[in-house]
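Okay, so the sequence shown: first residue is 5 according to this note's numbering, each after it adds one. Note that beta-carbon positions come from the ideal geometry of N, C-alpha and C, so glycine has one too. Since we're looking at a predicted model, the values are computed, not measured. What follows is a single structure, written as structure tokens, with notes after it.
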Amino acid sequence: MSDDRFPGWHGTTILAVRRGGKVVVAGDGQVSVGQTVMKATARKVRRLSPGGRDVVAGFAGSTADAFTLLERLEKKLDALPGQLQRACVELAKDWRTDKYLRNLEAMLIVTDGAQLFVVTGAGDVLEPEHDVAAIGSGGNFALAAARGLMETDLDAEAVARRAMAIAAEICVYTNGNLTVETIVP
Numbered sequence: 005m006s007d008d009r010f011p012g013w014h015g016t017t018i019l020a021v022r023r024g025g026k027v028v029v030a031g032d033g034q035v036s037v038g039q040t041v042m043k044a045t046a047r048k049v050r051r052l053s054p055g056g057r058d059v060v061a062g063f064a065g066s067t068a069d070a071f072t073l074l075e076r077l078e079k080k081l082d083a084l085p086g087q088l089q090r091a092c093v094e095l096a097k098d099w100r101t102d103k104y105l106r107n108l109e110a111m112l113i114v115t116d117g118a119q120l121f122v123v124t125g126a127g128d129v130l131e132p133e134h135d136v137a138a139i140g141s142g143g144n145f146a147l148a149a150a151r152g153l154m155e156t157d158l159d160a161e162a163v164a165r166r167a168m169a170i171a172a173e174i175c176v177y178t179n180g181n182l183t184v185e186t187i188v189p
């Protein structure tokens, strides 16, 4: 994701794959400025535990903005325990309408293992088709690779890892330093 205030900033590929009763969320570790890798080991996939129920979130975009959104999401989940979809919708509404939040530059993939959503600042809360979702600079590469790999016998983690490797081979803003979280409903 690029931000006009910081020209040349790029980074991140986040991929979620649902298969075999679990969801795997994988994220690469690269943050780039122009042609320079500023950090190769960033951790952009996090496990949240609001109300004792696990939720995994991956983010693309500005790190500070993403952390602000993750904190807001945790508060929504605390207020709406066990209601991931409603919490995501409430976050998206706030994000779109709040003067401060409206300027945040990030996207989220969020799952509790049963549900999987892409949440954007445009007010979108999208359930992906084909049990695969991806965001970030290499998101389209990872998405295409994962959708193709879903036609194999690979399990969710193997699909995610292989798709991320393919994205890293194609996208200069994606690397192979992965954070992988698995969640079962």
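For residue i, the residue or residues it bridges with in DSSP
| i | result |
| --- | --- |
| E161 | BP columns for E161 are empty, so no partner. |
| K43 | V35 |
| L19 | A30, A138 |
| A61 | R50, V114 |
| L147 | In the DSSP output, where bridge partners are listed per residue, L147 has none listed. |
Bounding residues of the alpha helix (DSSP H) (the contiguous stretch that carries residue i)
| i | result |
| --- | --- |
| E185 | Unbroken run through E185 is the beta strand (DSSP E), 183-187; no alpha helix (DSSP H). |
| C92 | 88-101 |
| T67 | 67-83 |
Of the residues the options, the one placed nearest residue i, counting alpha carbons only
| i | options | result |
| --- | --- | --- |
| P189 | V59, G38, L19, R47 | V59 |
| T45 | T72, R57, Q34 | Q34 |
| G65 | R57, K48, L81 | K48 |
| A194 | K79, E131, L182, E173 | Summary: the structure shown does not reach residue 194, with the chain confined to residues 5 through 189, and so no result is reported for it. |
| T40 | A169, Y177, I113 | Y177 |
| T72 | V21, E131, R151, W99 | W99 |
| G140 | L120, A172, E161, D116 | A172 |
Short CB-CB distance (under 8 Å) between residue i and chain B
| i | result |
| --- | --- |
| L95 | No chain B is part of this structure, which consists of one protein chain only. |
Delimiting residues of the beta strand (DSSP E) encompassing residue i
| i | result |
| --- | --- |
| V114 | 110-115 |
| T124 | 120-124 |
Beta-carbon gap between residue i and residue j smaller than 8 Å
| i | j | result |
| --- | --- | --- |
| R76 | L95 | yes |
| H134 | M154 | yes |
| A160 | V27 | yes |
| C92 | V136 | no |
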